[in-house]
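Heads up: the structure comes next, in structure tokens.
Protein chains in written order, with the numbering used here: chain A, 1 to 291; chain B, 292 to 584; chain C, 585 to 1034.
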């Protein structure tokens, strides 16, 4: 330790306790930077490759950097329409999932019942199912209900598959809002659902942001579900068009694919930054779990 | 008229209804159909496309005799153990611990990098990982500096590449969970231990870990179940090859159901996957229950 | 509280009903509409263009009829999946669709395709179709269920520069497998940095492995995959082992790419995009559509390909008659069995396959013409320098036995080739593994020893 000799200070002085930091050490910085670099490397390739008209697999500074790749993919059919569809699908899924999850989490968090735990653990197994396994029956279901090629119906399905995780996360967030606050509201004459809306939800806002972004990301990257359930070309989201960028026999133009990938990822990254800033420490609370 | 206790109970749980309806119609229904299909010879094409026949446990018997199945099972367990239980979990914890000791600026930057990989859509992450492990990709560029000859990693060590790619992609979630968990460890406990002369490792092992045990178990459960379902990442990187060396159960289920059109067999594999999820889940529940006083 | 709850419930019910009402009305309700489903990708737009033209033509000639085009943006596998799902129920099944020859037999078994025999009898232009190509759309019962759009053959494509540098006399016409090996060794000796002879193997290249590699060998030995007379799958043949041995030799002596490269599904891109244009590869076995990669608008444009590349037929094992081997695949157009507009659908088919549209499509996608009038059209013959050579191979071509078990059998063949080139199994062992696999797939009674 390189701390200069000073009066003996407590190991966890009050100020440090607030920021949650323990006494710093240089090697922690070093190891962290090393790990950070490892995480950044593939991303670096993506960025450099998109600027390189002659991109290959290697990470290298482009000889003649340019925006040709971006220009090539910047067409309405290839980019705008699919991105817009992705936005509708993902935002819709996020909203529906959030609404259903908040409603479901409320009784699960506030009331005691012997059905709570079985329900929570039961729906958890929904997360380990690869969606490809159930696409055939879902397709059949959609045919029978005449819901094929319908973005709203696809949103409902995507929401259903996101619900298990969403309910878990929302319930955890709700648990961290103390019951006393609500009880005060009830004493003042508010109904349960009213208290939920005006007291609990605003306190949970950062948490709600986290759940929304989690669901949004999953829906944004989902290829198989919209591919199977949507028929018209102009309703397909960007995940499908990026797959079809591989061409008939798998032809790949690396630079353009990298450019497309970046443009495709920017909305999600931006959304994350927005939500994370607004939710501050809530991202961390995502795991404030109780058993 | 005041409602009876029973009616009150039902009314209180009514808000759960929308979620339950969605789950029943779109998830439970298809899953039950999938179970039922695994007991038939339903297919996408051929004689049994229109007229699937009941075959009982024949698909499962075939599965038991298929040499690819035990391989696939083993690979799936390896993938989950390597990338979720060990990889994401341990790395996430390590990152959370390190971030408490490092400079805030460094923490924030590294945190952003880790989360950026998580936020990337799966197909983009898979594509980036594919390029990274290619013969002329970045990994060989780096190893080449150390004198290691160029290797085609996706051919020589496909499972290792898949595990690393999944760790890269998913650690952010564990990191965030553990950051919150570590924040909740009371500083007084650690102070007291420090006063008693416990070193940093001892404080970690005997104070911190037991206190966050609930978080660990829950995180393990969530991360394990999510990793069991990983498909696109492996499919784009190796398509299950070479020679089924990276064919985990989701990949096998997809191949059987859609490449060969054998829905009955594919759903049988998916059913096995759910059973494995249940086994893991039960194990973690044990762990959770044990730590309740 | 109760009232509020019941209000919420009725609101949700209303929402669900509104949702069901909002969904697009079923177009099958339209009395004069036909749905056409087909594949479209970034690099494959020829079919889309052809259908757009055919739609205009058809709608002009048939007032009150609407042709609804439904292009599916996907690769081959995903397109197949989506089509199979759509065919499962009559309300979603297209009236006309683009179908791989590979799938015709099994889809007929499933009852998805309409028998076109009676309608073909009344279509004069059907006689203009090549007899061999007509086989592609036939099922086991001899009926025709699909009409060929175009076909392809396989041949050896070689780089003249590399061959000349090694002292091989041109034009190159190997007459036996030994010729290929000798020439490859010669090239290797003269320039170790060049890959002499590429043949796809392993599961990475999938169906390409067998169509462009293994079957050229197998069908040149006198035995095939399937015995038509007995309707049984061939096992234990010497030809199978010999073919595997050839591959083993090729790879063991480093006359081909490394096994790691062979197992990469993207290796064909290097072959066409990098190695050939840079004269780093001697030869490869590939389909007749190879020029479509190098032509203007192709994925790897290479203006000089006409001068620098040559084509040679793949020889039979020892030069026995007919002297050359080729495999054909190709795609067809079919009519859905449950279509409500069979006559309209068939008429649209004939419009799409008339001489004008057929010519346009065949040239744009570097296919081999299946109509004799298109084959003799000067526009077709000058589409690329190699049209004559590859078209001539139609005479010696073979088709895959595309039954519903075929995909698994193909996978078993691919595994055998993979085991042999990686050195994991000897040809005898791999052949034995294959025999066991086939018996497992189709049942022992459907196999025949030759």
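Just so it is clear, CB atoms sit at the ideal spot from N, CA and C, and this is done for glycine as well.
Note that this is a predicted model, so its numbers are computed, not measured.
Using a Cβ-Cβ cut-off of 8 Å, state whether residue i counts as contacting chain B.
{"i": "residue 787(C)", "result": "yes"}
{"i": "residue 1027(C)", "result": "no"}
{"i": "residue 75(A)", "result": "no"}
{"i": "residue 690(C)", "result": "yes"}
{"i": "residue 261(A)", "result": "yes"}
{"i": "residue 992(C)", "result": "yes"}
{"i": "residue 266(A)", "result": "no"}
{"i": "residue 847(C)", "result": "yes"}
{"i": "residue 744(C)", "result": "no"}
{"i": "residue 695(C)", "result": "yes"}
Taking 8 Å as the CB-CB limit, is residue i close to chain C?
{"i": "residue 139(A)", "result": "yes"}
{"i": "residue 143(A)", "result": "yes"}
{"i": "residue 338(B)", "result": "yes"}
{"i": "residue 244(A)", "result": "yes"}
{"i": "residue 533(B)", "result": "yes"}
{"i": "residue 341(B)", "result": "yes"}
Going by DSSP, which residues form a beta bridge with residue i?
{"i": "residue 545(B)", "result": "Answer is none; residue 545(B) lacks a bridge partner."}
{"i": "residue 919(C)", "result": "680(C)"}
{"i": "residue 869(C)", "result": "740(C)"}
{"i": "residue 762(C)", "result": "DSSP lists no partner for residue 762(C)."}
{"i": "residue 955(C)", "result": "713(C)"}
{"i": "residue 811(C)", "result": "816(C)"}
{"i": "residue 622(C)", "result": "655(C)"}
{"i": "residue 345(B)", "result": "331(B)"}
{"i": "residue 1031(C)", "result": "817(C)"}
{"i": "residue 731(C)", "result": "917(C)"}
{"i": "residue 981(C)", "result": "910(C)"}
{"i": "residue 896(C)", "result": "740(C)"}
Examine chain A for any beta-carbon lying closer than 8 Å to the beta-carbon of residue i, and answer yes or no.
{"i": "residue 951(C)", "result": "no"}
{"i": "residue 258(B)", "result": "The question about residue 258(B) has no answer, for chain B in this structure spans 292 to 584."}
{"i": "residue 276(B)", "result": "With chain B covering only 292 through 584, there is no way to say anything about residue 276(B)."}
{"i": "residue 1016(C)", "result": "no"}
{"i": "residue 633(C)", "result": "no"}
{"i": "residue 590(C)", "result": "Unreliable positioning characterises residue 590(C) in this predicted model, as indicated by a pLDDT of 49, which lies under 50. The coordinate reading is nonetheless provided below. Chain A, which has no Cβ nearer than 8 Å to the Cβ of residue 590(C), makes this no."}
{"i": "residue 495(B)", "result": "no"}
Return the first residue and the last residue of the alpha helix (DSSP H) that residue i is part of.
{"i": "residue 525(B)", "result": "523-529"}
{"i": "residue 781(C)", "result": "Element bounds for residue 781(C): not the alpha helix (DSSP H) but the beta strand (DSSP E), 779-782."}
{"i": "residue 946(C)", "result": "939-948"}
Would you decide whether residue i is buried or exposed? Buried here means 16 or more other CB atoms lie within 10 Å of its CB.
{"i": "residue 390(B)", "result": "buried"}
{"i": "residue 791(C)", "result": "buried"}
{"i": "residue 890(C)", "result": "exposed"}
{"i": "residue 880(C)", "result": "exposed"}
{"i": "residue 870(C)", "result": "buried"}
{"i": "residue 278(B)", "result": "The requested residue 278(B) is not part of the displayed model; chain B covers only 292 to 584."}
{"i": "residue 902(C)", "result": "exposed"}
{"i": "residue 800(C)", "result": "buried"}
{"i": "residue 647(C)", "result": "exposed"}
{"i": "residue 260(A)", "result": "buried"}
{"i": "residue 431(B)", "result": "buried"}
{"i": "residue 546(B)", "result": "buried"}
First and last residue of the beta strand (DSSP E) that includes residue i?
{"i": "residue 911(C)", "result": "908-912"}
{"i": "residue 652(C)", "result": "650-657"}
{"i": "residue 361(B)", "result": "From DSSP, residue 361(B) is part of no beta strand (DSSP E) but of the alpha helix (DSSP H) over 359-370."}
Complete beta strand (DSSP E) runs within the segment 430-457 of chain B (minimum length 3 residues, chain order): Fully enclosed beta strand (DSSP E) runs of 3 or longer: not present.
Sequence ranges, alpha helix (DSSP H) only - wholly within the segment 204-233 of chain A, length at least 4: 224-229
Unbroken stretches of the alpha helix (DSSP H), 4 residues or longer, contained in the segment 985-1017 of chain C: 990-1005
Every unbroken alpha helix (DSSP H) inside the segment 157-192 of chain A [4 residues or more]: 179-187
Complete runs of the alpha helix (DSSP H) confined to the segment 820-849 of chain C [at least 4 residues]: 822-836, 843-846
Contained alpha helix (DSSP H) runs [length at least 4] in the segment 475-532 of chain B, N- to C-terminal order: 478-486, 491-494, 504-519, 523-529
Completely contained alpha helix (DSSP H) runs for the segment 371-408 of chain B, where each covers 4 or more residues: 380-392
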